Amino acid sequence: MSKMFYKGRIDARQNYVMSGYNVNRDVKAGTEEAPISIVVSTDARKEEIEAIIEEHSICANITVDKEQEENTIELDTLLNKPKTAVFEKTPNRNDPCLCGSGKKYKKCCG
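According to full-length UniProt numbering, the sequence shown holds residues 1 to 110 in order.
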């Protein structure tokens, strides 16, 4: 059958592709398009957080509310990003061993 006579699933597939969680989004948290929201209980704490925000050039909305609990989770996640783990490459079979024995890796530690 040709494409001309195929009915069904074409529109459904387009809707499926358009919806869902977008992992590769361009809007990052802490920018002007998506500022983070922080709730603080005192004005002194607000000044501390403003200094941190200016230092790291982050956009945020800070509200002072003594009745609510302090909420700085979004700021903490931006400041403490996980770092990529880098592993040392294991030597090839015929390279000298890393332990310093002078033997080839395949006969010593491999």
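Note that the Cβ used here is the ideal one computed from N, Cα and C, for glycine as well.
What you are looking at is a predicted structure, and each value in this text was computed from that prediction instead of being measured.
Residue pairing by DSSP puts A60 in a beta bridge opposite I36. The count of Cβ pairs closer than 8 Å, one atom from the region 48-64 and one from the region 29-37, reaches three, so the stretches are in contact. Going by beta carbons, V64 and K46 fall inside the 7 Å limit.
Between E74 and S41, the CB-CB gap reaches or exceeds 7 Å.
Per DSSP, the beta bridge partners of P96 are K104.
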